[in-house]
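**Q** What follows is a single structure, and I will ask about it in a moment.
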Amino acid sequence: MFDPQKVRNDFPALQQDIYGKPLVYLDNAATTQKPRIVIDAVSGYYESINSNVHRGVHYLSQKATEAYESARERVRRLLNAGHSREIIFTRGTTESINLVAHSFGRAFIHEGDEVLISALEHHANIVPWQMACAERKAMLKVIPVDDNGDLILENLDQLLTEKTRIVAVTCVSNALGTVVPVREIIRMAHTRDIPVLIDGAQGIVHMKVDVKELDCDFFCFSGHKFYGPMGVGVLYGKERFLEQMPPYQTGGEMISTVTFDKVTFNELPFRFEAGTPNVADVIGLDKAIGYVSDTGMEEVWKYEAELIHYALQKLQNTPGVRIIGHPMERMGVISFLIEGIHPYDAGTIIDRMGVAIRTGHHCAQPVMDRFGIPGTLRASFALYNTIGEVDRLCEAINLTRKMFG
Ligand code: 7TS
38 MFDPQKVRND
48 FPALQQDIYG
58 KPLVYLDNAA
68 TTQKPRIVID
78 AVSGYYESIN
88 SNVHRGVHYL
98 SQKATEAYES
108 ARERVRRLLN
118 AGHSREIIFT
128 RGTTESINLV
138 AHSFGRAFIH
148 EGDEVLISAL
158 EHHANIVPWQ
168 MACAERKAML
178 KVIPVDDNGD
188 LILENLDQLL
198 TEKTRIVAVT
208 CVSNALGTVV
218 PVREIIRMAH
228 TRDIPVLIDG
238 AQGIVHMKVD
248 VKELDCDFFC
258 FSGHKFYGPM
268 GVGVLYGKER
278 FLEQMPPYQT
288 GGEMISTVTF
298 DKVTFNELPF
308 RFEAGTPNVA
318 DVIGLDKAIG
328 YVSDTGMEEV
338 WKYEAELIHY
348 ALQKLQNTPG
358 VRIIGHPMER
368 MGVISFLIEG
378 IHPYDAGTII
388 DRMGVAIRTG
398 HHCAQPVMDR
408 FGIPGTLRAS
418 FALYNTIGEV
428 DRLCEAINLT
438 RKMFG
């Protein structure tokens with residue numbers, strides 16, 4: 038059995054007191070804490086092999102290039118992609134989606150076409166498509182969500198038309214924790230030859246992702262939500278699409294030859310990695326994936342599912358708590374309100390008790406609008422969280438209610 042106490046020591050940030058109380062960190066959907074091995078890998082890179090990649094014949098440059106490319110191979114294995122050409126390093130999920138919206142948009146979306154997203158999306162999977170649609174004179178359509186926070190898929194067949202050029206959906210809602218049936222969406226889109234992008238920012242850390250088996254056409258995630266460093270993310274794309282997409286950014290690294298009259302672009306994946314990449318953090322991400330694999334992903338996911346089940350029961354039985362969203366399947370996240378107390382006030386007081394949760398709209402304003410609320414309190418879980426921490430959260434809620442009379 039996986040024991041969270043064993044891994045807690047690996048995370049330096051978890052060892053501190055906040056306002057005189059041991060930190061309870063329940064804002065993992067925003068970013069996870071980093072294990073020592075990741076922090077050391079990043080500083081170790083700067084201490085020993087710091088050098089630019091893909092350009093030098095000298096020793097350090099070769100070492101840095103090897104480390105960078107072996108991280109790409111590790112990500113390929115994590116996602117079970119067919120080839121490392123299909124793995125592009127970006128700054129994060131946001132940049133990955135912007136890359137696809139912009140570049141796929143220019144190649145494939147034309148006037149009168151449609152892009153289909155869902156009502157559960159983070160702004161990062163809404164705004165880039167709005168911009169692409171405005172630029173290409175296309176229309177953005179939305180799969181609606183029901184009162185439980187599940188997508189309404191009965192009418193998906195009508196939402197997918199001969200004009201739909203791409204479907205872009207999250208696999209887990211960051212605001213409600215809904216697990217989206219992406220398999221079914223991909224299957225239905227593919228019957229019409231429509232490619233599907235999966236926003237894996239919240240999914241990758243709690244579930245197995247096999248892009249071959251899923252058969253998604255694009256998959257994005259951020260390193261910092263997967264125990265890795267900030268400033269690095271991944272875009273997986275099927276080669277047959279990437280090959281047809283124009284570069285997103287241009288400059289060094291992404292070219293093959295340049296004259297003042299003509300440029301030829303580099304091959305995949307370098308064509309989409311203009312400029313000096315974030316080598317140190319890519320190496321950190323490599324270590325984060327290694328850390329989670331060594332800890333035992335299947336065991337971790339099982340533990341996280343038990344923990345969230347416990348948290349949901351406990352919160353439901355805490356007087357004054359109203360859970361927002363009752364999806365059929367939930368991962369990672371519980372959103373709630375405390376009767377009569379604004380989420381911001383409640384979050385501030387709970388923080389004073391050493392418990393870090395997120396308050397607000399969670400960059401998913403359409404979800405909040407759907408439920409007619411300005412925001413929620415959100416507890417989100419990672420492998421190092423414990424039952425005792427859930428209890429601390431509920432104690433903090435009880436105290437908050439007492440303070441507000
Ligand atoms: N997609 C989803 C589903 C997300 O949850 C987030 C970040 C993003 C995209 C953007 O990721 P980034 O790494 O590029 O910023 N979600 C959150 C959150 O829930 N609280 O803070 C950030």
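So for the sequence shown, our numbering puts the first residue at 38; every next one is plus one.
Every residue, glycine too, gets a C-beta built ideally from N, C-alpha and C.
In this structure, does DSSP put C257 in helix, strand or coil?
**A** C257: strand per DSSP, three-state reduction.
**Q** Please go through the segment 229-317 and give each complete alpha helix (DSSP H) segment of 4 or more residues, from N-terminal end onward.
**A** Counting whole runs of 4 or more residues, the segment 229-317 contains the alpha helix (DSSP H) stretches 248-251 and 276-279.
**Q** With three or more beta-carbon pairs closer than 8 Å as the criterion, would you say the segment 332-347 touches the segment 227-247?
**A** Short answer: they touch.
**Q** Is it buried or exposed, V94, if we count other Cβ atoms within 10 angstroms and call 16 or more buried?
**A** Counting Cβ neighbours within 10 Å, V94 comes out exposed, since fewer than 16 surround it.
**Q** Out of I223, V427 and T413, which one is the CA nearest neighbour of G377?
**A** Among I223, V427 and T413, the Cα nearest to that of G377 is on T413.
**Q** Under a Cβ-count criterion, where at least 16 other Cβ atoms within 10 Å of its own Cβ denotes burial, should H120 be classed as buried or exposed?
**A** With fewer than 16 Cβ atoms within 10 Å of its Cβ, H120 is classed as exposed.
**Q** With H, G and I counted as helix, E and B as strand and the rest as coil, what does DSSP make of E151?
**A** In this structure, E151 counts as strand in the three-state DSSP scheme.
**Q** What residues come near ligand 1, if near means a beta carbon less than 5 Å from any of its heavy atoms?
**A** Here the list is A66, A67, G129, T130, T131, H159, A161, T207, N211, D236, A238, Q239, S259 and H399.
**Q** Could you tell me how far apart the beta carbons of I134 and C257 are, in whole angstroms, since I believe they sit closer than 8 Å?
**A** 6 Å between Cβ atoms; contact.
**Q** Quick check: the segment 73-80 against the segment 296-306, are at least 3 beta-carbon pairs closer than 8 Å?
**A** With a cut-off of 8 Å, the segment 73-80 and the segment 296-306 do not count as touching, because too few Cβ pairs lie within range.
**Q** F441 by DSSP, collapsed to three states: which one?
**A** F441: coil per DSSP, three-state reduction.
**Q** Hey, how far is the Cα of V269 from the Cα of R109?
**A** One C-alpha to the other measures close to 12 Å.
**Q** What does the alpha-carbon distance come out to for the pair G369 and E148?
**A** Going by the C-alpha atoms only, they are around 39 Å apart.
**Q** Starting from R359, trace the beta strand (DSSP E) in both directions and tell me its first and last residue.
**A** Run containing R359: V358 to I361, per the beta strand (DSSP E) assignment.
**Q** Taking Cβ positions, are L190 and V152 nearer each other than 7 Å?
**A** Not in contact: L190 and V152 (Cβ atoms no closer than 7 Å).
**Q** Assign L97 to buried or exposed, taking buried as 16 or more other Cβ atoms, counted over all protein chains shown, within 10 Å of its Cβ.
**A** With fewer than 16 Cβ atoms within 10 Å of its Cβ, L97 is classed as exposed.
**Q** Ordered along the chain, which non-local residues of its own chain (more than five positions away) have a Cβ less than 8 Å from that of I146?
**A** Once the five neighbours on either side are set aside, the close Cβ partners of I146 are V152, A169, C170, R173, A175, R202 and I203.
**Q** Between which two residues does the beta strand (DSSP E) harbouring E370 extend?
**A** Note that residue 370 is Val in the sequence shown, not Glu. Start and end: V370 to I375.
**Q** Specify the secondary structure class of F48 as computed by DSSP and reduced to three states.
**A** DSSP places F48 in coil when its eight states are reduced to three.
**Q** Please identify the residue among E335, M282 and G289 whose C-alpha is closest to the C-alpha of R143.
**A** Comparing Cα-Cα distances from R143 to each of E335, M282 and G289, the minimum goes to M282.
**Q** Which whole runs of the alpha helix (DSSP H) in the segment 162-201 are 4 residues long or more, in chain order?
**A** Segments of the alpha helix (DSSP H) lying fully in the segment 162-201: 164-173 and 193-196.
**Q** Would you report the Cα separation of D247 and K275, rounded to the nearest angstrom?
**A** Those two C-alpha atoms are separated by around 13 Å.
**Q** If distances are taken between C-alpha atoms only, which option among V209, D298, V61 and T198 comes closest to D230?
**A** Nearest C-alpha to D230: T198.
**Q** Sort out for me which residues DSSP pairs S417 with in a bridge.
**A** Per DSSP, D64 and V370.
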